[in-house]
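Some notes on the structure that comes next.
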Amino acid sequence: MGKGEISVIVNPTAAGGAVGHEWPDLRSHLLARGLRFRDVFTEAPGHATQLALEAVHQGCQIVVAVGGDGTVNEVVNGLCNGNGLVPATQLAIVSRGTGCDLVRTLGLGDVRRTISALTERETTRTIDVGEILMERDGRTERRLFLNAAGLGFDGEVVEGLLRSRVTGRRIGGTVPYLLEVVQSIMHYDNKRVRATLDGDRMEGLFTSFFACNGRYFAGGMKVAPQADMSDGLFDVVILHALSRLGLLARLPTVYFGWHTVFRQIEIRRARELKVESEDHILIQADGELVGTVPATLRVIPKALKVRV
Numbered sequence: 002m003g004k005g006e007i008s009v010i011v012n013p014t015a016a017g018g019a020v021g022h023e024w025p026d027l028r029s030h031l032l033a034r035g036l037r038f039r040d041v042f043t044e045a046p047g048h049a050t051q052l053a054l055e056a057v058h059q060g061c062q063i064v065v066a067v068g069g070d071g072t073v074n075e076v077v078n079g080l081c082n083g084n085g086l087v088p089a090t091q092l093a094i095v096s097r098g099t100g101c102d103l104v105r106t107l108g109l110g111d112v113r114r115t116i117s118a119l120t121e122r123e124t125t126r127t128i129d130v131g132e133i134l135m136e137r138d139g140r141t142e143r144r145l146f147l148n149a150a151g152l153g154f155d156g157e158v159v160e161g162l163l164r165s166r167v168t169g170r171r172i173g174g175t176v177p178y179l180l181e182v183v184q185s186i187m188h189y190d191n192k193r194v195r196a197t198l199d200g201d202r203m204e205g206l207f208t209s210f211f212a213c214n215g216r217y218f219a220g221g222m223k224v225a226p227q228a229d230m231s232d233g234l235f236d237v238v239i240l241h242a243l244s245r246l247g248l249l250a251r252l253p254t255v256y257f258g259w260h261t262v263f264r265q266i267e268i269r270r271a272r273e274l275k276v277e278s279e280d281h282i283l284i285q286a287d288g289e290l291v292g293t294v295p296a297t298l299r300v301i302p303k304a305l306k307v308r309v
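The numbering used here puts the first residue of the sequence shown at 2, with every later residue one more than the last.
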């Protein structure tokens, strides 16, 4: 694979294994449209990051992620080094996973549009990237995300989903997510948190924090209705201490973006969010469990070009 070529990273297990079955037909379609590329399959969690990093080192102009938001997250983490993202490498997304919330904001929900962006035009959009810094065993761990990161209740939901997948009890998608939400509500306790948004401190009991770059999460929930992926800011959605019944009652409103009218739910824009707590608080990024608080989340403005 040489400089300027296209690398396609395919997660065959995405969408419950459907991507692996669909890829031969999609591959033939891309070749018939004149696209020349090298396709590689991921073999384990984290493998897409390694494959994307190799593609960058080999001088690829475009890296295409075929899968869901988790696959895209891994690819983006491979398109970076210690100094940030490599601007010469563009990202394209063939969204074939179970959530596909990122492409809702980008307007790439139709696979035909992505194929057209690869084969007929060279239109790109420059977007922000989220960065999470977490201290682990005396060293700093770094994780990037494109769509949204959740701290608190949402992290526990994702942990439950991952546990369910390991035991084979559930597959991905909106309905399993909602089932896990209801189950998590039954035993979740609000956390005592110290948070800072661009220097503005707050402290108390909270249910969850979301640092949103995109607008949607969890299979169509409109968590941050006004989020702009190119404004250099997170839309930080703050769930102040909600009762279990209150959380359950407000859940349906999120799909329409109506949750913002409730006084316990606040949205603020910030470049940086810091969260500390003595309580155990999980962090998810683009639907992947990545660590625990304390953590600093910040925006890397206009860090990545995406084919649209």
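Glycine is no exception: its CB is placed at the ideal position from the N, C-alpha and C atoms. None of these values were measured; they are calculated from a predicted model.
Check                                                                                                                                                 : Outcome
Rounded to a whole number of angstroms, what is the C-alpha to C-alpha distance between Trp259 and Glu6?                                              : 45 Å
Using only the alpha-carbon positions, how far apart do Val262 and Ala242 sit?                                                                        : 16 Å
Does the segment 194-205 touch the segment 111-122, meaning 3 or more C-beta pairs lie closer than 8 Å?                                               : no
In chain order, what residues of the same chain lie with their CB nearer than 8 Å to the CB of Lys223, ignoring the 5 residues before and after it?   : Arg216, Tyr217, Val255, Tyr256, Phe257, Gly258
Counting only runs of 3+ residues fully inside the segment 130-171, write out the beta strand (DSSP E) ranges in chain order.                         : 140-146, 149-153
Cβ of Arg270 within 8 Å of Cβ of Leu234?                                                                                                              : yes
Classify Leu1 as buried or exposed, calling it buried when 16 or more other Cβ atoms lie within 10 Å of its own Cβ.                                   : Missing from the structure shown is residue 1; the chain here goes from 2 to 309 and no further.
Quick one: residues in its chain with C-beta nearer than 8 Å to the C-beta of Glu279, no 5 flanking neighbours on either side, listed in chain order? : Arg193
Check Pro226 in the structure and name its three-state DSSP category.                                                                                 : coil
Does the contact criterion of 3 or more C-beta pairs under 8 Å hold for the segment 299-306 versus the segment 117-137?                               : yes
Between the Cα of Arg34 and the Cα atoms of Leu119, Ala250, Asp229, Arg144, which residue gives the shortest distance?                                : Leu119
Within its chain, find whatever has a CB closer than 8 Å to the CB of Gln184; leave out the 5 residues flanking it on each side and keep chain order. : Gly161
What distance in whole Å lies between the Cβ atoms of Gly68 and Arg97, which are believed to be in contact at a cut-off of 8 Å?                       : 6 Å
Check this for me: beta carbons of Ala53 and Leu80, under 8 Å apart or not?                                                                           : yes
Could you give the residue range of the alpha helix (DSSP H) that holds His58?                                                                        : 48-58
Strictly by DSSP, which residues pair up with Asp40?                                                                                                  : Val9
Among Glu136, Val9, Gln62, Thr14, whose alpha-carbon lies nearest the alpha-carbon of Asp40?                                                          : Val9
Pull up the CB-CB distance for Phe210 and Val237, whole angstroms please, since I reckon it's below 8 Å.                                              : 7 Å
Tell me whether Ala15 sits in a helix, a strand or coil according to DSSP, three-state version.                                                       : helix
When burial is assigned at 16 or more other CB atoms within 10 Å of the CB, is Arg170 buried or exposed?                                              : Residue confidence for Arg170 is low, a pLDDT of 43 falling below 50, so the modelled location carries little weight; the figure read from the coordinates is stated next. Arg170 comes out exposed.
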